[in-house]
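Sequential numbering of the sequence shown, starting at 1, is according to this note's numbering. Using N, Cα and C, we set each Cβ at its ideal position, and we do this for glycine too. Before any comments, here is the structure.
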Amino acid sequence: MHDLQRLREEAMAALAAADTADALEAWRIRYLGRKGLLQELIRAIPDLPPQERPAFGQAANALKADLTAAFEARQQAVAEARLAAELASEAVDVTLPGRRPQVGRLHPSHQTLREIYAIFSTMGFQVFTSRDVETDEYNFELLNIPPGHPARDMWDTFYTTTPGVIMRTHTSPGQIHAMRTLGPTKPIRVILPGMCFRYEQVTARSEMMFHQVEGLAIGRNITMADLKGVIVEFANQLYGAGRRLRFRCSHFPFTEPSVEADVDCILCGGRGCAVCKYTGWLEIMGAGMVHPVVLRNGGYDPAEWTGFAFGMGPERITMLKHGITDIRYFFSTDLRFLEQF
Ligand code: DAH
1 MHDLQRLREE
11 AMAALAAADT
21 ADALEAWRIR
31 YLGRKGLLQE
41 LIRAIPDLPP
51 QERPAFGQAA
61 NALKADLTAA
71 FEARQQAVAE
81 ARLAAELASE
91 AVDVTLPGRR
101 PQVGRLHPSH
111 QTLREIYAIF
121 STMGFQVFTS
131 RDVETDEYNF
141 ELLNIPPGHP
151 ARDMWDTFYT
161 TTPGVIMRTH
171 TSPGQIHAMR
181 TLGPTKPIRV
191 ILPGMCFRYE
201 QVTARSEMMF
211 HQVEGLAIGR
221 NITMADLKGV
231 IVEFANQLYG
241 AGRRLRFRCS
251 HFPFTEPSVE
261 ADVDCILCGG
271 RGCAVCKYTG
281 WLEIMGAGMV
291 HPVVLRNGGY
301 DPAEWTGFAF
311 GMGPERITML
321 KHGITDIRYF
331 FSTDLRFLEQ
341 F
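Okay, here's the thing in structure tokens:
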């Protein structure tokens with residue numbers, strides 16, 4: 001009986017110290033297993049004097065029941081403690097303020113481009129795109145600018161290592177692509193947006209890459225009056241109704257006659273300020289009637305067809321609209337600039 005009491009005390013103390021599943025299993029095998037310490041005492045019952053055997057058997061069974069119950073309780077307590085520790089380590093502090101995701105947006109140039117598309121779509125112009133990497137033939141020769149012609153000085157060109165292949169200096173070669181793709185028996189009304197590249201000193205006023213939007217209309221009865229009407233309508237939609245426009249004589253090899261269009265300064269209303277350099281006018285585009293040589297190069301017979309063309313710079317338009325004083329912001333990828341639009 002004394003041995004049973006000692007075993008009880010030892011087992012209970014060991015159980016209280018077992019705090020993992022492995023330790024509990026080792027405890028079970030040691031005290032309650034088939035070859036465990038309790039079983040060892042029970043197996044020794046036949047060695048006891050007969051009159052002591054019933055009381056010892058009862059006490060041993062009671063001890064077995066107590067140890068089993070204590071074991072199960074301890075097992076549950078250990079499992080609960082483990083779960084509680086796990087939950088605590090995975091706890092999420094729901095009171096932390098959320099992280100605001102950074103929302104993307106359209107580049108200011110593209111906002112202006114979309115505005116331009118929308119305005120010209122109201123006049124029946126569709127968007128026609130052509131490649132950024134051009135040939136000398138499309139960028140110059142087919143536009144009536146032969147090799148060695150002094151007019152080439154107007155476009156400082158990036159040449160590639162492949163002879164005859166250049167980065168386009170303007171969107172005007174798209175005129176030839178559009179005519180050759182859509183013509184030569186149908187009228188055309190397209191705008192041609194795209195990136196242009198020039199081997200130029202980068203300053204606040206000129207970048208080496210920038211967008212242009214070219215316009216081209218070809219038909220059987222198109223006159224300079226149509227050109228003026230379209231530009232006036234465009235300027236009034238873009239800059240607000242009631243704008244005054246002015247057409248100045250100019251020269252481009254691919255148009256004849258050629259003009260430059262000015263709008264009254266949107267900042268000072270024509271009174272004169274730093275932005276319009278005290279002239280009261282802002283130049284918004286080059287334009288003209290498509291030169292017969294260009295029409296022919298596009299596949300159209302100039303005896304039957306006429307057309308007008310124009311070209312403008314959306315970065316310049318965006319600068320005027322928002323009072324941006326340095327064109328280098330546009331492609332500097334500085335979010336502090338881009339996030340303002
Ligand atoms: N391509 C000219 C430039 O980059 C702009 C231009 C002027 C386009 C007159 C035209 C035009 O279509 O008719 O300077």
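Item: Three-state class that DSSP yields for Leu15 in the structure shown; Value: helix
Item: Beta-carbon proximity of Val259 to Ala217, cut-off 9 Å; Value: no
Item: Inter-stretch contact (C-beta, 8 Å, three-pair minimum) for the region 171–184 and the region 106–116; Value: no
Item: DSSP bridge partner residues for Pro193 (one or two, in chain order); Value: Val213
Item: Helix, strand or coil at Gln111 according to DSSP, with G and I counted as helix; Value: helix
Item: Cβ-Cβ distance between Phe341 and Pro163 below 9 Å; Value: no
Item: Proximity to Gly286 [Cα-Cα], best of Lys228, Ala241, Leu320 and Leu338; Value: Lys228
Item: Met154 Cβ short of 8 Å to ligand 1 heavy atom set; Value: yes
Item: Residue span of the alpha helix (DSSP H) that contains Ser258, given as start and end; Value: Ser258 -> not in any alpha helix (DSSP H); beta strand (DSSP E) instead, spanning Thr255 to Asp264.
Item: Opposing strand residues paired with Gly311 [DSSP bridges]; Value: Glu214 and Gly286
Item: Cα-Cα separation, Val78 to Lys64; Value: 21 Å
Item: Cβ-heavy atom distance, Gly288 to ligand 1, below 8 Å; Value: yes
Item: Continuous beta strand (DSSP E) stretch holding Phe252: start and end; Value: Leu245 to Phe252
Item: Proximity test, Gln102 beta-carbon vs ligand 1 heavy atom, cut-off 8 Å; Value: no
Item: Met167 (DSSP reduced to helix, strand or coil); Value: strand
Item: Cα-Cα separation between Val263 and Ile284, rounded to whole angstroms; Value: 7 Å
Item: Neighbour-count burial assignment, Ile324, 16 or more Cβ in a 10 Å radius; Value: buried
Item: Run of the alpha helix (DSSP H) containing Glu134, from where it starts to where it stops; Value: It is not in any alpha helix (DSSP H) - Glu134 instead sits in the beta strand (DSSP E) that spans Val133 to Thr135.
Item: Identified DSSP bridge partners for Trp27; Value: DSSP output for Trp27 lists no bridge partner at all.
Item: Bridge partners - Gly219, DSSP secondary structure assignment; Value: Thr306
Item: From Ala11, Trp27, Leu32 and Phe254, residue whose alpha carbon lies closest to that of Gly311; Value: Phe254
Item: Reduced DSSP category for Gln201 - H, G, I as helix; E, B as strand; rest coil; Value: coil
Item: 8 Å contact criterion, which Cys265 and Leu282 should meet: CB distance rounded; Value: 5 Å
Item: Heavy atom of ligand 1 within 8 Å of Ser332 beta-carbon; Value: no
Item: Close beta carbons around Leu83, own chain, < 7 Å, minus the five adjacent residues each side; Value: none
Item: Residue interval of the alpha helix (DSSP H) (run including Tyr239); Value: Met224 to Tyr239
Item: Ile327 in three-state terms, based on DSSP; Value: helix
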